[in-house]
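**Student:** Before I ask anything, here is the structure I am working with.
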Amino acid sequence: MKYTGIWLVMLAAMFWGLSGGIADILMEKGWSPLVISFYRGAVGFIFFFVWFIIHFKQNWITSPRFHFWSILGGIGVAGNFTFYFLAIQESSVAVAATLMYTAPIFVLLIAFLFRMEQSTWFKWLCVVSVLIGIVLLTGAYDPESVSTGIFGVAAGLAAGLSYALFIFGFKNASAIGSPQMVLTIAFFAFCIILVWFIDMGEALSVLTSGDLWWFLLLGAVGAGVSFIIYVIGVRRTAPTTASMVAMVEPVTASLFGVLLLGDRLAIIQILGMAIILVTITVLSVRQSG
């Protein structure tokens with residue numbers, strides 16, 4: 017079908033958006049963001065490992081550069097999941113998801129730093145526009161307003177920076193090997209990293225708790241199935257189109273938070289969110305074009 021790729025990317029983005037809401041539900045039940053993040057990645061790893069084994073002969077790569085970029089991607093996704101859930105805990109699903117989507121701005125700034133990208137007025141205007149959006153979304157224009165959620169803002173931006181790191185790692189590794197092996201190595205690294213930070217007693221108690229199915233759903237929707245269908249969808253979709261369609265994630269997360277979790281957004285916050293998402297979309301379209 018002509019629009020299969022678009023629908024797959026959109027479905028993956030919706031799944032990612034829903035994962036924030038599921039994580040919020042689990043945090044309301046008393047589970048820590050680190051344990052929730054660990055299970056999201058660990059369940060995802062199982063999916064990717066099976067996908068990798070099915071195509072083992074075509075996937076095996078021994079290049080040190082390939083493994084380096086894959087592990088770097090794993091570090092990025094570990095930071096992304098963890099800081100995203102911490103941001104949700106300190107602010108709301110809508111604010112955390114929007115802040116996370118500042119990732120393309122971090123990619124742009126890193127590219128400027130390493131002279132991989134030419135600096136232009138348009139690109140700097142995008143940076144300034146996103147900063148204005150962040151100020152409006154988080155209430156940074158009012159010190160009393162932002163002081164209560166400064167950690168949430170920092171965690172949301174750290175999730176965006178980590179997402180940018182994952183983009184760099186995944187992009188460079190995929191240029192050498194298959195996405196199946198990239199995701200398998202990245203999420204294996206993810207599990208190894210987070211196992212040092214989580215409370216093992218709490219993590220093991222998940223297996224015998226009544227919330228186990230929520231954790232499995234989070235891992236399947238937020239990592240395993242969503243990443244696989246995204247990779248398949250991107251192969252059938254123009255980069256420009258995929259960049260725009262992926263914006264469904266923060267929109268889905270915001271709607272989930274507002275309609276089902278009782279989050280409240282002021283008009284000025286909605287304006288800030290719109291500025292960020294429109295700017296990132298325009299920038300992504302220009303960069304992909």
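Residue numbers (the numbering used here): 17 to 305. Where a beta carbon is used, it is the ideal one built from N, C-alpha and C, also for glycine.
(1) For the segment 197-213 against the segment 31-48, do three or more pairs of beta-carbon atoms, one drawn from each stretch, fall closer than 8 Å, so that the two count as touching?
(2) The alpha helix (DSSP H) that contains Tyr55, what's its start and end?
(3) Between Arg32 and the rest of its own chain, which residues show a CB-CB distance below 6 Å, the 5 nearest in sequence each way excluded?
(4) If we call anything under 7 Å between Cβ atoms a contact, is Ile130 one with Gly176?
(5) Measuring alpha carbon to alpha carbon, tell me which residue in Leu228, Gly240 and Phe204 is nearest Gly90.
(6) Look at the Cβ atom of Val59, then the Cβ atom of Gly235, and state whether they are nearer than 7 Å.
(7) Over what stretch of residues does the alpha helix (DSSP H) that includes Leu223 continue unbroken?
(8) Quick one: what does DSSP say Lys139 is sitting in, helix, strand or coil?
(9) In whole angstroms, give me the CA-to-CA distance for Leu220 and Ile62.
(10) Cα-Cα, which of Ala94, Thr136 and Arg251 is closest to Ile209?
(11) Please classify Pro80 as buried or exposed, where buried requires at least 16 other C-beta atoms within 10 Å of its C-beta.
(12) Within the same chain, show all residues whose beta-carbon is closer than 7 Å to that of Ala39, passing over the 5 residues directly before and after it, in chain order.
(13) Buried or exposed: Asp215, going by 16 or more other Cβ atoms within 10 Å of its Cβ?
**Tutor:** Let's see:
(1) no
(2) Position 39 of the sequence shown, counted from the start, is the residue given in the question as residue 55. Pro49 to Ile70 is the span of the alpha helix (DSSP H), which, as asked, contains Tyr55.
(3) As a working mapping, residue 32 is identified with position 16 in the sequence shown. Note that residue 32 is Trp in the sequence shown here, rather than Arg. So the qualifying residues of the chain are Ser242 and Glu265.
(4) Taking the first residue of the sequence shown as position 1, residue 130 is located at position 114. Taking the first residue of the sequence shown as position 1, residue 176 is located at position 160. Before going on, a small fix: residue 130 reads as Phe here, not Ile. Cβ atoms of Phe130 and Gly176: not closer than 7 Å.
(5) Numbered from its first residue, the sequence shown carries residue 90 at position 74. If we check each option's Cα against that of Gly90, Phe204 comes out closest.
(6) What you label residue 59 is simply residue 43 of the sequence shown in a count that begins at 1. What you label residue 235 is simply residue 219 of the sequence shown in a count that begins at 1. Yes, the pair counts as a contact, with Cβ atoms nearer than the cut-off.
(7) Within the sequence shown, numbered from 1, the residue matching residue 223 stands at position 207. That residue, Leu223, is in no alpha helix (DSSP H); it is neither H nor E in DSSP.
(8) Counting from 1 along the sequence shown, the entry for residue 139 is found at position 123. Looking at Lys139 - three-state DSSP - the assignment turns out to be helix.
(9) Position 204 of the sequence shown, counted from the first residue, corresponds to residue 220. Position 46 of the sequence shown, counted from the first residue, corresponds to residue 62. Their backbone Cα atoms lie some 17 Å apart in a straight line.
(10) Start at 1 with the first residue of the sequence shown, and residue 209 comes out as number 193. The option with the nearest alpha carbon to Ile209 is Ala94.
(11) Along the sequence shown, read from residue 1 onward, the residue named residue 80 stands at position 64. Exposed is the call here.
(12) By one-based count along the sequence shown, residue 39 stands at place 23. Hits under 7 Å: Ile52, Phe101, Ile104 and Leu234.
(13) Along the sequence shown, one-based indexing puts residue 215 at 199. Counting Cβ neighbours within 10 Å, Asp215 comes out exposed, since fewer than 16 surround it.
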